[in-house]
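Student: Quick one: the structure is below, and I'll ask about it shortly.
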Amino acid sequence: MNPNPSESPTNNRFRNILLALVAIALGISLFFSSQTQTSANSLETQAQQSTALEVALSNGKPTLTEFYADWCNTCQAMAEDLAAVKQKYQDSVNFVMLNVDNTKWLPEILRYQVDGIPHFVFINQTGEAIAEAIGEQPRPILEANLDALIAQNALPYANSTGQVSQVERSISAAKNSKDDPRSHSAQVQ
1 MNPNPSESPT NNRFRNILLA LVAIALGISL FFSSQTQTSA NSLETQAQQS TALEVALSNG
61 KPTLTEFYAD WCNTCQAMAE DLAAVKQKYQ DSVNFVMLNV DNTKWLPEIL RYQVDGIPHF
121 VFINQTGEAI AEAIGEQPRP ILEANLDALI AQNALPYANS TGQVSQVERS ISAAKNSKDD
181 PRSHSAQVQ
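Below, the structure written as structure tokens:
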């Protein structure tokens, strides 16, 4: 016999079913809330919301171009921080995302010598690439670089690219000149 009449097998069964339904409902709500948060920060969503490259290079605002891939674990790990940075700087910086798996971007991949991802190219207001950073960038580093980009200062945590001389042309022209002291065929008189 059951000493407590309120705990009949029917009551226990009802309580267990109710607990199971509540647990399932909580599990489903947690799943959907995590999916919503993740999709808002996902690389695909950010790429869809990014500025078109052509617009970014011509609208007079500085630009951060990110070369990425959906399969890149580092790119995915940075997605949440990048979403926050983009939200903070959206009024003063263009954010362009170019997927390296899309052959449409091959000219840009070659132009900016992308050989690892994520690869960030910092472009000034006139559309000139002035610096780059490769690999995972902590949020404070990205923000410091963006602050400097906006202020038109040297970027503290990026490799400067700037202009380069055409050394090869100068050397080959000098090799053909007998009067050039760098020419080994020049004779001393």
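Residues in the sequence shown are numbered consecutively from 1, following UniProt numbering.
Glycine included, C-beta positions come from ideal geometry on N, C-alpha and C.
Quick caveat: nothing in here was measured; it's all calculated off a predicted structure.
1. Work out the CA separation of Val22 and Asn159 for me, nearest whole Å.
2. Just curious, the beta strand (DSSP E) that residue 238 is in, first and last residue?
3. Quick check on the DSSP output: the alpha helix (DSSP H) that includes Val55 runs from which residue to which?
4. For Asp81, collect the residues of the same chain with a Cβ closer than 8 angstroms to its Cβ; drop the 5 residues on either side in sequence, then sort them by chain order.
5. Is the CB-CB distance between Ala56 and Met97 below 8 angstroms?
6. Considering only DSSP beta bridges, list what Met97 is partnered with.
7. Can you name, in chain order, every residue of its own chain whose Cβ lies under 7 angstroms from the Cβ of Ile150, other than the five neighbours on each side?
8. Determine the direct distance from the alpha carbon of Ile17 to that of Asn11, and round the result to whole angstroms.
9. For Pro118 and Ala79, I'd like the C-alpha separation in whole angstroms.
10. Can you give the Cα-Cα distance for Ser42 and Glu66, rounded to whole angstroms?
11. With which residues is Ile134 paired in a DSSP beta bridge?
12. Determine, for Asn159, whether the minimum Cβ-Cβ distance to residues of chain C falls below 8 angstroms.
13. Within 10 angstroms of the Cβ of Leu104, are there 16 or more other Cβ atoms? Answer buried if so, exposed if not.
14. By a C-beta neighbour count over all protein chains shown, 10 Å radius and 16 as the cutoff for buried, is Ala99 buried or exposed?
15. For the alpha helix (DSSP H) holding Gln46, just list the boundary residues, first then last.
16. Look at the alpha carbon of Asn153 and the alpha carbon of Trp71, and state the distance between them as a whole number of angstroms.
Tutor: Put simply:
1. 54 angstroms
2. Here the chain has residues from 1 to 189 only, and residue 238 is not among them.
3. Leu53 to Ala56
4. Pro138, Arg139 and Leu142
5. no
6. Glu66
7. Pro62, Ser92 and Val93
8. 10 angstroms
9. 11 angstroms
10. 14 angstroms
11. His119
12. Protein chain content of the structure displayed is limited to a single chain, and chain C is not contained in it.
13. For the record, residue 104 in the displayed sequence is Lys; it is not Leu. Exposed, since its Cβ has fewer than 16 Cβ neighbours within 10 Å.
14. Checking the displayed sequence, the identity of residue 99 turns out to be Asn instead of Ala. Burial call: buried.
15. Leu43 to Gln49
16. 34 angstroms
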